[in-house]
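One structure is given here, and the rest of the page talks about it.
Number of protein chains: 2
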Amino acid sequence: MDTETRLSRIRALAQAEGKVMATALAHDLDVAVQTIRRDLRQLCAAGLLERIHGGAVLPSGVSNIGYGDRRALNRDSKIRIARRAAQLIPDNASLFLNIGTTTEAVAHALHAHRNLMVVTNNLNVANILASNPSCEVVVAGGSLRRSDGGLVGDLAALAIDRFKVDFAVIGASAIDLSGDLLDFDPEEVRVSQQVIKAARATILVADSTKFTRKAPVKIASLAQVDHFVTDRVPSEALINRCADWGTKVALV
Amino acid sequence: MDTETRLSRIRALAQAEGKVMATALAHDLDVAVQTIRRDLRQLCAAGLLERIHGGAVLPSGVSNIGYGDRRALNRDSKIRIARRAAQLIPDNASLFLNIGTTTEAVAHALHAHRNLMVVTNNLNVANILASNPSCEVVVAGGSLRRSDGGLVGDLAALAIDRFKVDFAVIGASAIDLSGDLLDFDPEEVRVSQQVIKAARATILVADSTKFTRKAPVKIASLAQVDHFVTDRVPSEALINRCADWGTKVALV
DNA sequence: TCGCTTTTTATCTTAAACGAACATATGGAC
DNA sequence: GTCCATATGTTCGTTTAAGATAAAAAGCGA
Numbered sequence: 066m067d068t069e070t071r072l073s074r075i076r077a078l079a080q081a082e083g084k085v086m087a088t089a090l091a092h093d094l095d096v097a098v099q100t101i102r103r104d105l106r107q108l109c110a111a112g113l114l115e116r117i118h119g120g121a122v123l124p125s126g127v128s129n130i131g132y133g134d135r136r137a138l139n140r141d142s143k144i145r146i147a148r149r150a151a152q153l154i155p156d157n158a159s160l161f162l163n164i165g166t167t168t169e170a171v172a173h174a175l176h177a178h179r180n181l182m183v184v185t186n187n188l189n190v191a192n193i194l195a196s197n198p199s200c201e202v203v204v205a206g207g208s209l210r211r212s213d214g215g216l217v218g219d220l221a222a223l224a225i226d227r228f229k230v231d232f233a234v235i236g237a238s239a240i241d242l243s244g245d246l247l248d249f250d251p252e253e254v255r256v257s258q259q260v261i262k263a264a265r266a267t268i269l270v271a272d273s274t275k276f277t278r279k280a281p282v283k284i285a286s287l288a289q290v291d292h293f294v295t296d297r298v299p300s301e302a303l304i305n306r307c308a309d310w311g312t313k314v315a316l317v
Numbered sequence: 066m067d068t069e070t071r072l073s074r075i076r077a078l079a080q081a082e083g084k085v086m087a088t089a090l091a092h093d094l095d096v097a098v099q100t101i102r103r104d105l106r107q108l109c110a111a112g113l114l115e116r117i118h119g120g121a122v123l124p125s126g127v128s129n130i131g132y133g134d135r136r137a138l139n140r141d142s143k144i145r146i147a148r149r150a151a152q153l154i155p156d157n158a159s160l161f162l163n164i165g166t167t168t169e170a171v172a173h174a175l176h177a178h179r180n181l182m183v184v185t186n187n188l189n190v191a192n193i194l195a196s197n198p199s200c201e202v203v204v205a206g207g208s209l210r211r212s213d214g215g216l217v218g219d220l221a222a223l224a225i226d227r228f229k230v231d232f233a234v235i236g237a238s239a240i241d242l243s244g245d246l247l248d249f250d251p252e253e254v255r256v257s258q259q260v261i262k263a264a265r266a267t268i269l270v271a272d273s274t275k276f277t278r279k280a281p282v283k284i285a286s287l288a289q290v291d292h293f294v295t296d297r298v299p300s301e302a303l304i305n306r307c308a309d310w311g312t313k314v315a316l317v
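Chains as they are written, first to last, in the numbering used here: chain U, 66 to 317; chain X, 66 to 317.
In structure tokens:
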């Protein structure tokens with residue numbers, strides 16, 4: 066069984082059961098425990114699972130924000146990126162925020178903005194922005210994905226279809242050096258694509274660790290992005306390509 | 066049972082009961098008391114519980130459980146009503162929970178139910194049920210109303226239109242003695258009406274203070290309700306009328 | 001207050017799980 | 001063919017979870 070298949074099997078099982086055990090997985094998928102551990106580590110790096118002794122569980126996500134500070138992965142970079150992205154957004158704007166911890170950081174960074182209209186399919190973002198009284202929050206419907214507070218499914222797509230916003234602020238699970246934005250979930254990808262289409266400008270927020278990650282589904286290309294806010298771009302070639310595409314890169 | 070599961074079970078129990086005892090937990094979760102103590106210490110360090118001799122309680126002061134004071138109003142009645150309503154709902158059911166503090170209490174009371182499918186337009190309900198891993202949560206979209214975490218507007222109506230559930234669990238702002246259910250917000254009323262239509266059975270949860278309130282918009286009549294769970298019905302005549310209508314009244 | 005019981009903390013122990021490093025395929029690119 | 005990257009398995013020292021035990025602390029009734 067190849068890695069890709071194994072990862073999605075593990076993800077499916079985790080979604081179904083809430084948790085997975087390393088040794089059990091090793092037995093079921095007929096690979097060494099060490100291999101499973103590597104898989105779990107990868108899935109955790111992408112924020113899809115959280116390690117526990119003996120296996121992994123779905124991230125606490127929605128259920129307990131501010132429980133541990135597990136969310137603190139690359140926290141400083143994310144905050145800096147979020148602040149810069151927030152600067153790109155003027156008061157009185159309408160925008161979309163999708164799923165991802167970086168977009169959640171953007172939601173935090175928008176606390177001082179006035180009179181925004183924010184559409185989101187991220188329950189955490191909704192909770193965060195609820196504390197900004199001068200901001201209308203519209204929640205796109207959908208099935209709650211506990212791992213990250215995302216609302217997915219065709220309900221979300223249906224809802225987003227009714228909006229045309231000034232900015233789409235999107236995250237991505239991975240970015241490859243050719244400039245493709247990647248994600249794990251085809252459903253979420255569909256939403257992201259729809260959002261990019263429905264927005265007058267697209268802002269991509271992603272820290273540089275995303276360049277070392279992998280994910281199976283393509284969201285879009287950096288060519289379709291207007292502003293790319295990140296902490297480091299590992300390849301000079303990619304920066305040049307962004308210039309050609311007209312994608313403004315903001316390094317923080 | 067792994068640590069993570071144990072911690073969330075303890076949290077859920079603490080939310081439901083208000084306090085937990087170390088020895089009882091050790092017995093229930095089938096681990097040594099020592100282990101439970103370690104768990105409690107961890108939860109307290111995170112500020113989710115407070116130690117007392119023999120166990121732990123919900124932190125006093127800060128309303129972890131409640132946002133406004135309204136929630137504290139008639140808290141005991143609401144909890145009793147919610148528990149009774151939860152008994153009416155079997156495992157594996159699909160249901161709708163609308164806006165209101167009493168329906169939020171029902172969401173809490175459903176913490177031990179298995180395999181539910183819950184549709185809600187109440188952000189608080191979504192947050193509460195997110196901690197029950199064996200429960201699919203579908204959020205109906207809409208504009209966030211900060212006063213009560215409700216999602217309102219035609220987006221919500223659009224979403225609900227796509228479901229047919231076993232139970233509608235609804236609250237009401239007021240009930241008058243002729244048996245009419247009333248609310249303040251015409252938009253929310255539209256959602257509630259739609260929900261009643263889309264459900265095979267309707268459960269109304271409302272404490273007796275609702276009989277002394279007034280509200281301008283009519284949701285429905287008690288005649289359309291299958292189960293009415295409350296703590297007191299002030300009028301003998303209304304009880305008789307419910308009997309005529311086939312509305313089962315459960316007093317707690 | 002004293003003394004008894006229960007609970008808590010501290011420390012130790014065992015078995016399981018973990019990560020790092022190394023070894024071994026596997027499959028292109030040249 | 002060689003070289004290189006990647007994926008997987010293996011070994012080994014380290015870490016962690018959780019039960020057990022004994023001493024300290026807290027609660028409680030007389």
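Built from N, CA and C at the ideal position, the CB exists for glycine as well.
When C-alpha distances from valine 282 of chain X are compared across X/Val256, X/Ala97, X/Thr185, the shortest belongs to X/Val256. Contact between isoleucine 225 of chain U and glutamine 259 of chain U holds, with the beta-carbon distance rounding to 5 Å and staying under 8 Å.
Looking from the CA of valine 294 of chain U, the closest CA among U/Ile164, U/Phe276, U/Asp309, U/Ala315 belongs to U/Ala315. For serine 208 of chain X, the closest Cβ of chain U is nearer than 7 Å. For phenylalanine 232 of chain X, the secondary structure class from DSSP, reduced to helix, strand or coil, is strand. Taking the C-beta atoms as reference points, valine 217 of chain U is found nearer than 7 Å to arginine 210 of chain U. In the structure shown, isoleucine 268 of chain X adopts extended strand secondary structure according to DSSP, grouped into three states. For proline 198 of chain U, the chain X residues whose Cβ falls inside 8 Å of its Cβ are Arg211, in order along the chain.
Using a Cβ-Cβ cut-off of 7 Å, valine 203 of chain X counts as an interface residue toward chain U, since at least one Cβ of chain U sits closer than that to its own. Among the CB atoms of chain U, none fall inside 7 Å of the CB of glutamate 252 of chain X. Burial check for threonine 68 of chain U: the Cβ neighbour count within 10 Å stays below 16, so the residue is exposed. Separation of valine 204 of chain U and glycine 83 of chain X (C-alpha to C-alpha, rounded to the nearest whole angstrom) is 31 Å. Between the beta-carbon of alanine 237 of chain U and that of phenylalanine 161 of chain U there is about 14 Å, and that puts the pair past the 8 Å contact cut. Interface with chain X (7 Å Cβ-Cβ cutoff): leucine 105 of chain U is excluded.
Non-local beta-carbon contacts of glycine 207 of chain X in its own chain, meaning distances under 7 Å to residues more than five positions away in sequence, involve Asn186, Leu216, Val217, Gly218, Leu220, Ala221 in chain order. Shown here, asparagine 305 of chain X sits in a helix according to DSSP, grouped into three states.
Proximity of alanine 233 of chain X to chain U, defined by a Cβ-Cβ separation below 7 Å, is not satisfied. X/Gly244 is the residue among X/Gly244, X/Arg265, X/Glu301, X/His292 whose C-alpha sits nearest the C-alpha of lysine 279 of chain X. Relative to the Cα of aspartate 248 of chain U, the nearest Cα in the group U/Asp309, U/Ala170, U/Lys275 belongs to U/Lys275. Scanning its chain for C-beta atoms nearer than 7 Å, with the 5 sequence neighbours on each side dropped, one finds around valine 171 of chain X the residues Ala147, Ala150, Ala151, Leu162, Val234, Val270, in chain order. Here arginine 116 of chain X has Leu105, Cys109 as same chain residues with Cβ atoms under 7 Å from its own Cβ, once five neighbours each way along the sequence are excluded. By the beta-carbon neighbour count (other beta carbons within 10 angstroms, threshold 16), alanine 87 of chain U is buried. The Cβ atoms of isoleucine 154 of chain X and histidine 173 of chain X do not sit closer than 7 Å to each other. With fewer than 16 neighbouring CB atoms inside 10 Å of its own CB, histidine 92 of chain U falls in the exposed class. Neighbours of alanine 174 of chain U in chain X, taken as residues whose beta carbon is under 9 Å from its own, are absent, since the nearest beta carbon is some 19 Å off.
As a beta-bridge residue in DSSP terms, asparagine 187 of chain U pairs with U/Gly215. Assignment of arginine 210 of chain X by DSSP, reduced to helix, strand and coil, places it in the strand class.
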